[in-house]
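Written below as structure tokens is the structure these notes are about.
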């Protein structure tokens, strides 16, 4: 059983339609659910506690909305402070070696908009390049993001389906049923779940 | 008895009786009176006739108290209170004197003696009333302020009364006694205009000295660094003024009050206060003990119905007059009740006036003794009357304890109960309201309660630390209890009670300082907020900024400090050790501070922002060792 840490970041959860049901699923899924905006409303990240939490887990899932093609600000603050030189990277920085790193993202725009000829010109995976490189520098394995596209138009059924899918993915991560090689190469983890997750 | 014997008797009586009385909720004044009665000639008999001398000596406590009252009262405040002092105070003395004098006259006492009795009994006890209001935290209410104004007027009115009594006295007696009294002053031989002039000069001298002489003198004394010299100077000041006033035929109490007011704006106000305070407390205690000892229980026992009737008539007459006055001067019903029930006793000045009138031959027979006993008993009745008013009358009249319910409005149960809606509770309540959330409020300031109710708050009026009121406010079904009272000991006590009776409540408590916080943590409260901590750290952060530290760094430093400090309070609460180890509160505080400072020094992590620190990174880069790990990590 892999130990999964879910780092959840949403500055206005009370306004969220999709992230909230996803978060509820995650909370109930047996992963360690860590609500960053709840823990650090004033951005004073407790570096020691965060590092220990990272050491205690094998898989890191960052769940957050996508604002201006990036995670909310607290995720950046968290990265800046927690991934210290000499701990996460650089000389002696091996704490994250071999861990899996994955983003679970909701976007308002549809998948078609996140394409070369689309409105946003880049795919979500491409837009995550700085994070992918961060993971890489720390020696962690970056998996394709789990993306719920088009949340603006998603109805209740669509949201419920996305939540089910997310729950299944988290369960597969815990139960080590994820094909990491396939997951690392995909554009989007949930584009074809059967290709990535063993039954 | 020698001096030491006497001191031993008085002090032990006080030390035994007062804490017991306080424990029983009777107030310290009643405790002293009981102690006095116990050691008096009719019970244990430790104190005999010399009780009278002690009484005269201890009257000086009243003088000191008025000095302190003056110190608390800046001239501007005094000026603001001029209408209630003159209007309400004047009316109170005039009407009470008329009512009681009239009563005496109807009972067959000759008119001049009746007038003297009326004036004497119109007085209320400054010491008892102010202390009672302070103990109950009601000094700032409308009733407290009105009572203060009346007491102030009475204290001033004693002077013309002392002047009036010799004129009332029958010729054959009055002449000699009054003249003897008068000749003791410097101004007795002067004509009337000269006496007036002397009085004015003396008052002007006190004011001028207070303004221009005392502060520099105190500064010089303070510079010697000898603590006891300052205390001596403070005592000298009070005694000197009292003597001067006596010499020009004025009341020492008035003189020291005036000096207090003048010094209220000086920088030595708090020094003077804390120096005089213990003397005042002891002397006032002594005064009340002496009063208790001087109650003529033989007379009470011989004619109980007469004395009881006297006390009852006296209290009832004053109560009715005071109630009418309170309403007439625009107090709300409950405030008028509080005002009336606070002031009906006869005050300590009555003993002075009664003694004076007897010497003048105005009163004779067993009347003075009976009146003295009645006065003392009326004083003893005050705490009981207060209690009756608070527990029985106020809940039924005036500002009700429970919020009036509108028939059609849903009686919503709020999840939050806020106890105390002063500066602290207000902020909490307003924040909740701004977020559209309601709270049930408990407060004991009826003006504020009325206002809040008009604005739609659900407010219960009364002493928030009472269990039944918490019940009425729905504490049994609420989720959170916010304790924002400004009396730390009551917050702690309330937290304990609430935890015992409403275990489902999460308690958030306001603490004054670390010591409070420890006690609250000991009581099992997990959410403790020291009232000045956040503001002082914000100030500290601004100090850093003004020194050139960047804003974000300064703010983070302050917040990190706050977090560590909170943590250290939690850690140190159980480590404080046996409190009996400390021989004083101050000692304990200092040792606590020492531990805190020690801990601050041992916290190298107070600003751990290494993620933003490129130092080690630069070293790494210069060594050429900054390389990416193998693709995919080593786990593969």
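Protein chains in written order, with our numbering: chain E, 33 to 231; chain Z, 506 to 1141.
For every residue, glycine included, the Cβ atom is placed at its ideal position computed from N, Cα and C.
Judging by CA-CA distance, which residue of the options is the nearest neighbour of residue i?
i	options	result
residue 853/Z	836/Z, 826/Z, 884/Z, 838/Z	884/Z
residue 946/Z	936/Z, 935/Z, 924/Z	924/Z
residue 179/E	63/E, 89/E, 96/E	96/E
residue 673/Z	620/Z, 719/Z, 657/Z, 745/Z	620/Z
residue 574/Z	780/Z, 601/Z, 970/Z, 762/Z	762/Z
residue 116/E	33/E, 73/E, 86/E	86/E
residue 1006/Z	971/Z, 810/Z, 746/Z	971/Z
residue 552/Z	799/Z, 1058/Z, 566/Z	799/Z
residue 1099/Z	1120/Z, 1123/Z, 938/Z, 1073/Z	1073/Z
residue 98/E	170/E, 56/E, 193/E, 48/E	48/E
residue 778/Z	738/Z, 753/Z, 750/Z, 747/Z	738/Z
residue 1071/Z	836/Z, 1058/Z, 1036/Z	1036/Z
residue 886/Z	1069/Z, 821/Z, 1056/Z	821/Z
residue 545/Z	1128/Z, 525/Z, 701/Z, 515/Z	515/Z
residue 134/E	224/E, 218/E, 43/E	218/E
residue 819/Z	878/Z, 1116/Z, 668/Z	878/Z
residue 158/E	63/E, 118/E, 101/E, 201/E	101/E
residue 1125/Z	124/E, 90/E, 230/E, 94/E	124/E
residue 756/Z	862/Z, 1038/Z, 565/Z, 823/Z	565/Z
residue 576/Z	1067/Z, 743/Z, 849/Z	743/Z
residue 623/Z	513/Z, 633/Z, 610/Z	610/Z
residue 1123/Z	106/E, 122/E, 213/E	122/E
residue 889/Z	524/Z, 536/Z, 512/Z	536/Z
Pull the bridge partners of residue i from the DSSP assignment, please.
i	result
residue 963/Z	945/Z
residue 1015/Z	1034/Z
residue 135/E	94/E
residue 64/E	37/E
residue 246/E	This structure gives no information on residue 246/E, because the portion of chain E shown stretches from 33 to 231.
residue 229/E	210/E
residue 923/Z	946/Z, 987/Z
residue 174/E	133/E
So is residue i buried or exposed if we call it buried at 16+ other beta carbons inside 10 Å?
i	result
residue 1024/Z	buried
residue 706/Z	exposed
residue 33/E	exposed
residue 721/Z	exposed
residue 517/Z	exposed
residue 1041/Z	exposed
residue 146/E	buried
residue 645/Z	exposed
residue 227/E	exposed
residue 1103/Z	exposed
residue 21/E	Outside the modelled stretch of chain E, which goes from 33 to 231, sits residue 21/E, for which no answer is possible.
residue 533/Z	buried
residue 842/Z	buried
residue 717/Z	exposed
residue 914/Z	Only weak support is given to the placement of residue 914/Z: the predicted model assigns it a pLDDT of 34, under 50, and the value that follows is read from those uncertain coordinates. Exposed: under 16 other Cβ atoms inside 10 Å.
residue 851/Z	buried
residue 932/Z	exposed
* Asked: Can you find at least 3 beta carbon pairs, one from the segment 657-665 of chain Z and one from the segment 622-639 of chain Z, that sit closer than 8 Å?
  -> Output reads yes: the segment 622-639 of chain Z touches the segment 657-665 of chain Z.
* Can at least three beta-carbon pairs, one atom from the segment 711-721 of chain Z and one from the segment 764-774 of chain Z, be found at a separation below 8 Å? -> Judged by pairs of C-beta atoms under 8 Å, the segment 711-721 of chain Z touches the segment 764-774 of chain Z, as three or more such pairs exist.
* **Any 3 or more C-beta pairs closer than 8 Å across the segment 983-1000 of chain Z and the segment 1024-1035 of chain Z** => Verdict: yes, contact present.
* Asked: Going along the segment 1063-1078 of chain Z in order, which residues come within less than 8 Å of chain E, judged by CB to CB distance?
  -> If the cut-off is 8 Å between Cβ atoms, the segment 1063-1078 of chain Z has 1064, 1065, 1068 near chain E.
* Listed in chain order, which residues of the segment 1039-1063 of chain Z have Cβ atoms closer than 8 Å to some Cβ of chain E? -> Answer set for the segment 1039-1063 of chain Z: 1061.
* So, do the segment 776-791 of chain Z and the segment 801-817 of chain Z have three or more beta carbon pairs nearer to each other than 8 Å? -> Put simply, the segment 776-791 of chain Z does not touch the segment 801-817 of chain Z. Fewer than three CB pairs are less than 8 Å apart.
* Asked: Counting Cβ pairs, one atom from each stretch, are 3 or more of them under 8 Å apart for the segment 76-83 of chain E and the segment 129-142 of chain E?
  -> Three or more beta-carbon pairs separated by less than 8 Å are not found between the segment 76-83 of chain E and the segment 129-142 of chain E, which leaves the two stretches without contact.
* With a cut-off of 8 Å, do at least 3 Cβ pairs link the segment 750-762 of chain Z to the segment 651-661 of chain Z? -> Proximity of the segment 750-762 of chain Z to the segment 651-661 of chain Z meets the contact definition, three or more beta-carbon pairs being nearer than 8 Å.
* Anything in the segment 574-592 of chain Z with a Cβ closer than 7 Å to a Cβ of chain E? List those residues in chain order, please. => Correct list: empty, as no residue qualifies.
* Asked: So, do the segment 183-191 of chain E and the segment 147-163 of chain E have three or more beta carbon pairs nearer to each other than 8 Å?
  -> Flag = no, the segment 183-191 of chain E and the segment 147-163 of chain E do not touch.
* Counting Cβ pairs closer than 8 Å, one from the segment 158-169 of chain E and one from the segment 189-204 of chain E, do we hit at least three? -> At 8 Å Cβ cutoff, the stretches do not touch.
* Do the segment 853-868 of chain Z and the segment 828-837 of chain Z make contact, defined as three or more Cβ pairs closer than 8 Å? -> With contact defined as three or more Cβ pairs closer than 8 Å, the segment 853-868 of chain Z and the segment 828-837 of chain Z are not in contact.
* To do: Give, in chain order, every residue of the segment 202-218 of chain E whose Cβ lies closer than 7 Å to some Cβ of chain Z.
  => Residues passing the 7 Å Cβ filter: none.
* Could you list the residues in the segment 66-98 of chain E with a C-beta less than 7 Å from some C-beta on chain Z, going in chain order? => So the list reads 74, 76, 79, given in the order they occur along the chain.
* To do: Determine which residues of the segment 116-136 of chain E have a Cβ less than 7 Å from any Cβ of chain Z, and write them out in chain order.
  => Answer set for the segment 116-136 of chain E: 116, 117, 118, 122, 123, 129, 130.
* Asked: Along the segment 966-987 of chain Z, what residues have a CB closer than 9 Å to any CB found in chain E?
  -> Flagged: no residues at all.
* Tell me, please, whether the segment 55-66 of chain E touches the segment 1047-1054 of chain Z by the rule of three or more beta-carbon pairs shorter than 8 Å. => Not touching, per the Cβ criterion.
* the segment 168-184 of chain E: positions lying closer than 7 Å to chain Z by Cβ -> Listed by position, the residues of the segment 168-184 of chain E near chain Z (Cβ gap below 7 Å) are 168, 169, 171, 172, 173.
* Does the segment 980-997 of chain Z come close enough to the segment 950-962 of chain Z that 3 or more CB-CB pairs lie under 8 Å? -> Short answer: they don't touch.
* Determine, using beta-carbon pairs with one atom in the segment 932-950 of chain Z and one in the segment 958-965 of chain Z, whether at least three such pairs fall under 8 Å. => Three or more Cβ pairs closer than 8 Å define a contact, and the segment 932-950 of chain Z meets that threshold against the segment 958-965 of chain Z.
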